[in-house]
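Chemist: Take a look at this one; I'll ask things after.
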Amino acid sequence: NEELDIYKIFSEFVVFLDSSNYKPKSITSRMTVVKGYLRNIGFKISGEDYKLRVRTPKVIHQREEPMTKELIIKLMRCLPSKLQTVILVLSSSGMRLGELVQLEIDDIDFETTPTTITLRAETTKTRAERETYLTSEATNSLKEYLKRSFDWQEGKENFNMKNIKIFARTSKVVNFKPKSKPKQPQH
Numbered sequence: 144n145e146e147l148d149i150y151k152i153f154s155e156f157v158v159f160l161d162s163s164n165y166k167p168k169s170i171t172s173r174m175t176v177v178k179g180y181l182r183n184i185g186f187k188i189s190g191e192d193y194k195l196r197v198r199t200p201k202v203i204h205q206r207e208e209p210m211t212k213e214l215i216i217k218l219m220r221c222l223p224s225k226l227q228t229v230i231l232v233l234s235s236s237g238m239r240l241g242e243l244v245q246l247e248i249d250d251i252d253f254e255t256t257p258t259t260i261t262l263r264a265e266t267t268k269t270r271a272e273r274e275t276y277l278t279s280e281a282t283n284s285l286k287e288y289l290k291r292s293f294d295w296q297e298g299k300e301n302f303n304m305k306n307i308k309i310f311a312r313t314s315k316v317v318n319f320k321p322k323s324k325p326k327q328p329q330h
């Protein structure tokens with residue numbers, strides 16, 4: 144009756160995954176799942192013994208080079224205007240995507256320089272209200288987007304936009320007609 148050495152099996156599995164070209168993070172994730180499963184079915188696995196006896200490949204952290212301004216401009220030119228505005232507003236303000244899609248016209252103050260956006264507490268991750276600002280380029284793009292999409296008029300009340308999430312919709316719905324279902328052949 145030979146007893147299984149679970150840590151030797153773990154080590155062999157790590158070698159197999161590594162030789163199968165799995166990335167270090169993937170190997171670590173798979174090992175975590177395997178250990179969890181084995182613990183669940185009754186195996187006793189010591190975290191300290193595992194660390195001492197099972198060597199997993201180290202994750203190599205490489206510094207990524209940021210995109211150049213020229214590349215960003217080329218990429219932006221290929222995007223639809225709404226997406227250009229989204230990217231400019233997000234990168235300029237530092238707000239999260241979830242905060243952006245909750246943005247209403249009353250949250251934006253175009254009278255200040257730079258343009259101020261008040262992020263309401265109920266829309267932020269931290270549940271704390273805060274202010275953020277837009278560059279002039281992002282402000283101009285946002286104004287054009289509002290004019291095109293909502294008939295927004297600068298300096299006016301714009302009652303048609305009250306309580307509307309300005310980035311939540313994907314397009315104007317014009318004369319929407321649901322597609323009819325194809326007829327089923329009769330038997």
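First residue of the sequence shown? That's 144 in the numbering used here, and the numbers climb one at a time after it. Glycine included, every Cβ here is placed at the ideal spot set by N, Cα and C.
1) Scan the segment 146-208 and note each continuous alpha helix (DSSP H) run of 4 residues or more that stays entirely inside, going in chain order.
2) Hey, would you say Q245 sits closer than 8 Å to T266, going by beta carbons?
3) Give me, in chain order, the residues of the same chain whose beta-carbon lies closer than 6 Å to that of T261; leave out the 5 immediate sequence neighbours on both sides.
4) Which parts of the segment 228-313 are runs of the alpha helix (DSSP H), unbroken and 4 residues or longer, counting only runs that do not cross its ends?
5) Helix, strand or coil for L222? Go by DSSP, reduced to three states.
6) Under 7 Å Cβ to Cβ from F319, same chain only, skipping five residues before and after it: list those, please.
7) Do you know offhand how far A264's Cα is from G241's?
8) To the nearest angstrom, report how far apart E272 and T228 are at their CA atoms.
9) Who are the near neighbours of K225 in its chain, counting only those whose CB is closer than 7 Å to its CB and skipping five residues on each side?
10) Counting only the same chain and skipping the five closest in sequence on each side, list residues whose C-beta sits under 6 Å from that of T171.
11) I'd like to check one pair, R196 with S162: are the Cβ atoms closer than 8 Å?
12) From V316 to S292, what does the alpha carbon distance come to, in whole angstroms?
13) In its own chain, which residues sit with a C-beta less than 7 Å from the C-beta of R173, not counting the 5 before and 5 after it?
14) Report the rounded CA-to-CA distance for I184 versus K178, giving the unit in angstroms.
15) Do E247 and I309 come within 8 Å of each other at the CB atom, strictly closer than that value?
16) Please classify I216: does DSSP put it in a helix, a strand, or coil?
17) Applying the 10 Å Cβ sphere with the 16-neighbour rule, what's the burial state of M210?
Modeler: Inspection of the coordinates gives the following:
1) Here the runs fully enclosed are 149-162, 167-183, 190-196.
2) The residue you call residue 245 lines up with position 102 of the sequence shown. The residue you call residue 266 lines up with position 123 of the sequence shown. In this structure, T266 lies closer than 8 Å to Q245 by Cβ.
3) Along the sequence shown, read from residue 1 onward, the residue named residue 261 stands at position 118. Beyond the five residues adjoining it in sequence on each side, T261 comes within less than 6 Å, by CB distance, of D250, E274 in the same chain, given in chain order.
4) List check, alpha helix (DSSP H) in window: 240-243, 279-293.
5) The residue given as residue 222 occupies position 79 in the sequence shown. Coil at L222, not helix or strand.
6) Along the sequence shown, one-based indexing puts residue 319 at 176. Because the pLDDT at F319 is just 44, under 50, the model does not fix this residue reliably, and the point stays unresolved.
7) Position 121 of the sequence shown, counted from the first residue, corresponds to residue 264. Position 98 of the sequence shown, counted from the first residue, corresponds to residue 241. A264 and G241 have their C-alpha atoms roughly 12 Å apart.
8) Locating residue 272 in the sequence shown gives position 129, where the first residue counts as 1. Locating residue 228 in the sequence shown gives position 85, where the first residue counts as 1. Roughly 23 Å separates the two Cα atoms.
9) Translated into positions along the sequence shown, residue 225 becomes position 82. Correct list, in chain order: Y288.
10) Working through the sequence shown from its first residue, we reach residue 171 at position 28. Leaving aside the five residues that flank T171 on each side, the residues in its chain whose CB is nearer than 6 Å to its CB run, in chain order, T199.
11) Here residue 162 refers to the residue found at position 19 when the sequence shown is read from its first residue. Here residue 196 refers to the residue found at position 53 when the sequence shown is read from its first residue. Cβ distance not < 8 Å, so S162 and R196 don't count as in contact.
12) Residue mapping note: residue 316 aligns to position 173 of the sequence shown, counting from 1. Residue mapping note: residue 292 aligns to position 149 of the sequence shown, counting from 1. In this prediction, V316 scores a pLDDT of 46, lower than 50, which makes its location untrustworthy; no coordinate-derived value is stated.
13) The residue labelled residue 173 in the question sits at position 30 within the sequence shown. Result list for R173: L160, in chain order.
14) Position 41 of the sequence shown, counted from the first residue, corresponds to residue 184. Position 35 of the sequence shown, counted from the first residue, corresponds to residue 178. Approximately 10 Å, taken between the alpha carbons.
15) If you number the sequence shown from 1, residue 309 lands on position 166. If you number the sequence shown from 1, residue 247 lands on position 104. For I309 and E247, yes; Cβs fall inside 8 Å.
16) Numbered from 1 along the sequence shown, position 73 holds the residue referred to as residue 216. I216 falls in the helix class under three-state DSSP.
17) For this step, residue 210 is matched to residue 67 along the sequence shown. With fewer than 16 Cβ atoms within 10 Å of its Cβ, M210 is classed as exposed.
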